[in-house]
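A.B. asks:
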Amino acid sequence: MQQSGRLRLRPWLEEQIQSGKYPGVSWLDQSAQVFQIPWKHAARHGWSIDQDATLFRSWAMHTGRYHPGKDKPDPKTWKANFRCALNSLPDICELREHSRKRGSNAYRVYRMLPNMQTHRRRRGKTHILVVVAVQGCGRPGQMTRSRLRLSLRYQSTAD
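1 is the number of the first residue of the sequence shown in our numbering; add one for each residue after it.
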């Protein structure tokens with residue numbers, strides 16, 4: 001259950017990218033809503049919890065899954081929870097061909113699709129649902145249900 005006042009992942013992430021307080025978390029093309037997140041493997045030489053897990057720790061704190069001073073730091077879980085939350089969003093997708101999975105400068109590149117807007121108008125008790133657009137990430141022919149974004153609009157007919 002979502003706590004009142006807590007931002008959902010997308011708006012929270014947009015704030016974090018804009019803030020510039022996380023090294024490497026930045027817009028690559030803000031107008032296209034393309035951004036990158038450092039994704040260094042914890043087993044790599046030079047990995048540091050204070051440099052490489054700060055975004056994941058902040059998300060864990062924001063969601064109430066980590067309380068500094070009370071809970072033991074668990075960057076592996078923070079990163080996994082963040083990854084799962086990000087992958088579950090229908091309007092954010094990874095641009096895998098632009099991501100770098102290995103090395104000391106590993107990162108992932110993502111794109112935020114336009115916000116899903118829904119409008120609800122009622123005519124009696126009937127809602128008419130119209131699919132306005134289908135938009136996805138990745139290459140054509142490789143669209144999966146999790147990579148599709150449906151823009152839905154409720155429409156009423158004139159009385």
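For each residue, glycine too, the CB sits at the ideal point set by N, CA and C.
For the alpha helix (DSSP H) containing Gln-16, list its first residue and its last residue.
C.D. replies: Start and end: 9 to 19.
A.B. asks: Nearest CA to the CA of Pro-11: which residue from Ala-53, His-62 and Trp-39?
C.D. replies: It is His-62.
A.B. asks: Check each candidate in Lys-40, Thr-54 and Tyr-22 and name the one with the smallest Cα separation from Arg-108.
C.D. replies: That would be Lys-40, whose Cα lies nearest to the Cα of Arg-108.
A.B. asks: Return the CA-CA distance between Pro-68 and Lys-79, expressed in angstroms with no decimal places.
C.D. replies: Using only the alpha carbons, I get a separation of about 16 Å.
A.B. asks: Taking just the CA atoms, how far does Arg-57 sit from Arg-96?
C.D. replies: C-alpha separation (whole angstroms): 24 Å.
A.B. asks: Whole angstroms is fine: what's the gap from Gln-183's alpha carbon to Ser-88's?
C.D. replies: This structure gives no information on residue 183, because the portion of the chain shown stretches from 1 to 159.
A.B. asks: If you run the structure through DSSP and keep just helix, strand and coil, what is Pro-38?
C.D. replies: Note: Pro-38 maps to strand in three-state DSSP.
A.B. asks: Leaving aside the five residues before and after Ile-49 along the sequence, list all residues of the same chain whose C-beta is less than 7 Å from its C-beta, in chain order.
C.D. replies: Answer for Ile-49: Pro-73 and Pro-75, listed in chain order.
A.B. asks: Could you tell me which of Arg-65, Lys-70 and Glu-94 sits nearest to Asn-171, measuring between CA atoms?
C.D. replies: Nothing about residue 171 can be read from this structure; the chain reaches only from 1 to 159.
A.B. asks: My assumption, with CB atoms under 8 Å, is that Arg-44 sits in contact with Ser-104. Please give the rounded CB distance.
C.D. replies: Right, the Cβ-Cβ distance comes to about 6 Å (below 8 Å), so this counts as a contact.
A.B. asks: On a Cα-Cα basis, can you pick out the residue from Gln-51, Trp-47 and Val-34 that is closest to Lys-21?
C.D. replies: When each option's Cα is compared against that of Lys-21, the closest is Gln-51.
A.B. asks: So that I know if they touch, is there some Cβ in chain C lying closer than 8 Å to that of Lys-70?
C.D. replies: Going by chain labels, chain C is absent from the structure shown, which holds only one protein chain.
A.B. asks: Taking DSSP as the reference, what is the three-state secondary structure of Asp-71?
C.D. replies: It is coil, neither helix nor strand.
A.B. asks: Determine the DSSP secondary structure at Trp-59, reduced to helix, strand or coil.
C.D. replies: In this structure, Trp-59 counts as helix in the three-state DSSP scheme.
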